[in-house]
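Numbering (UniProt numbering), first residue to last: 249 to 556.
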Ligand code: PEP
Ligand code: MG
């Protein structure tokens, strides 16, 4: 069965009534690329770049980063490669980053908040990304965005990096897409305004679940409360998809929920256009997509939203 699923996984995934759902891979380093290719990923939906930093004993240089990003972009010619900027803080510590000790690190100086507070670190990564952009179809994604102001700030820093490269006559692509992760409830509630500023959104259900249900994703004591299929979380997913579509941009999901084949029909019914997951989940999810009929999926999604 696994072998036939793998064979069927070749080619794009359409529902039975011909709605295309893009199925992409989550990776943590260029070493994960062969597995993504073998499972017929239609691109990369989440490259978690923090692994580059976590396996190092000092800040990875622009050159080291450039070479990793270029490798991944070249492996997927003319397919989207969504690279997420550094997401440290929370439960991810970097010994050399000198992160402040915080009472509530998941509510603290995490991800894009850390990057905005440490522009040297941020700009090194953005320059590496810009330089790599000429080698493929780069989509840059910013994690833990909670406001329009943060989007404007990251775009400003990205602009400064472009200027720096332009001054040195170093090329970068003018086709780069800029998007955000939706993982804070505020980003969903305010999604219409955020959507006007970006080219795409991708829902991070791992964090969105913990912040919506106030249940730490790594705390076993509350593991029974941590439920990405909770109707409140699914409602936020639907709201995000609707806001994306009002703005004419694609709605994706790259949290663990996206790779759960039992949920595929509901996720499509909620309006997602793109699902990104660990490579091994791709064949089964594509198989599910091909069985889906859109109006049935919408009814199933409605039912899931009204669970008690
Ligand atoms: C998420 O929060 O769902 C996500 C994909 O990001 P991470 O798991 O890396 O926090
Ligand atoms: Mg996250």
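Beta carbons are placed, not taken as given, at the ideal position from N, Cα and C, and that holds for glycine.
To the nearest angstrom, how far is the alpha carbon of residue i from that of residue j?
i, j, result
"residue 411", "residue 378", "11 Å"
"residue 362", "residue 337", "8 Å"
"residue 367", "residue 399", "15 Å"
"residue 540", "residue 261", "11 Å"
"residue 385", "residue 422", "10 Å"
"residue 374", "residue 439", "25 Å"
"residue 474", "residue 417", "49 Å"
"residue 326", "residue 446", "20 Å"
"residue 309", "residue 502", "27 Å"
"residue 534", "residue 257", "6 Å"
"residue 512", "residue 323", "27 Å"
"residue 356", "residue 515", "30 Å"
"residue 455", "residue 431", "5 Å"
"residue 286", "residue 448", "26 Å"
"residue 466", "residue 546", "32 Å"
"residue 571", "residue 549", "Since the first residue of the chain shown is 249 and the last is 556, residue 571 is not available in this structure."
"residue 307", "residue 259", "39 Å"
"residue 538", "residue 506", "16 Å"
"residue 529", "residue 269", "15 Å"
"residue 372", "residue 491", "32 Å"
"residue 381", "residue 318", "8 Å"
"residue 481", "residue 435", "13 Å"
"residue 424", "residue 477", "33 Å"
"residue 464", "residue 352", "11 Å"
"residue 551", "residue 453", "20 Å"
"residue 429", "residue 288", "24 Å"
"residue 525", "residue 426", "20 Å"
Would you say residue i reaches chain B, if we count a Cβ-Cβ gap shorter than 8 Å as a contact?
i, result
"residue 374", "In the structure shown, chain B cannot be found, because there is only a single protein chain."
Confirm the yes/no value for this check: CB of residue i, any heavy atom of ligand 4, distance under 7 Å.
i, result
"residue 297", "Ligands in the displayed structure: ligand 1 and ligand 2; ligand 4 is not one of them."
Under the DSSP definition of a beta bridge, which residues are partnered with residue i?
i, result
"residue 387", "330 and 425"
"residue 523", "271 and 501"
"residue 261", "269"
"residue 340", "337"
"residue 294", "274"
"residue 430", "451"
Report buried or exposed for residue i, applying the criterion of at least 16 other Cβ atoms within 10 angstroms of its Cβ.
i, result
"residue 527", "buried"
"residue 328", "buried"
"residue 555", "exposed"
"residue 296", "buried"
"residue 350", "exposed"
"residue 334", "buried"
"residue 414", "exposed"
"residue 343", "exposed"
"residue 305", "exposed"
"residue 394", "buried"
"residue 348", "exposed"
"residue 532", "buried"
"residue 419", "exposed"
"residue 313", "buried"
"residue 494", "exposed"
"residue 365", "exposed"
"residue 252", "exposed"
Rounded C-beta distance between residue i and residue j? I'm assuming under 8 Å.
i, j, result
"residue 544", "residue 509", "Not confirmed; about 16 Å, so no contact."
"residue 271", "residue 320", "About 17 Å separates the two Cβ atoms, so there is no contact after all."
"residue 340", "residue 298", "6 Å"
"residue 316", "residue 300", "6 Å"
"residue 450", "residue 265", "Between residue 265 and residue 450 the Cβ distance is about 24 Å, and since that is not below 8 Å, they are no contact."
"residue 358", "residue 389", "The pair is not a contact, with the Cβ atoms about 15 Å apart (cut-off 8 Å)."
"residue 370", "residue 405", "6 Å"
Check whether the stretch 402-411 and the stretch 457-464 touch, using three or more Cβ-Cβ pairs below 8 Å as the test.
no
With a threshold of 8 Å, are at least 3 pairs of Cβ atoms found where one atom belongs to the stretch 514-521 and the other to the stretch 482-493?
yes
Does the contact criterion of 3 or more C-beta pairs under 8 Å hold for the stretch 263-277 versus the stretch 292-312?
yes
Inspect the CB distances between the stretch 463-480 and the stretch 489-502 and report whether three or more fall short of 8 Å.
no
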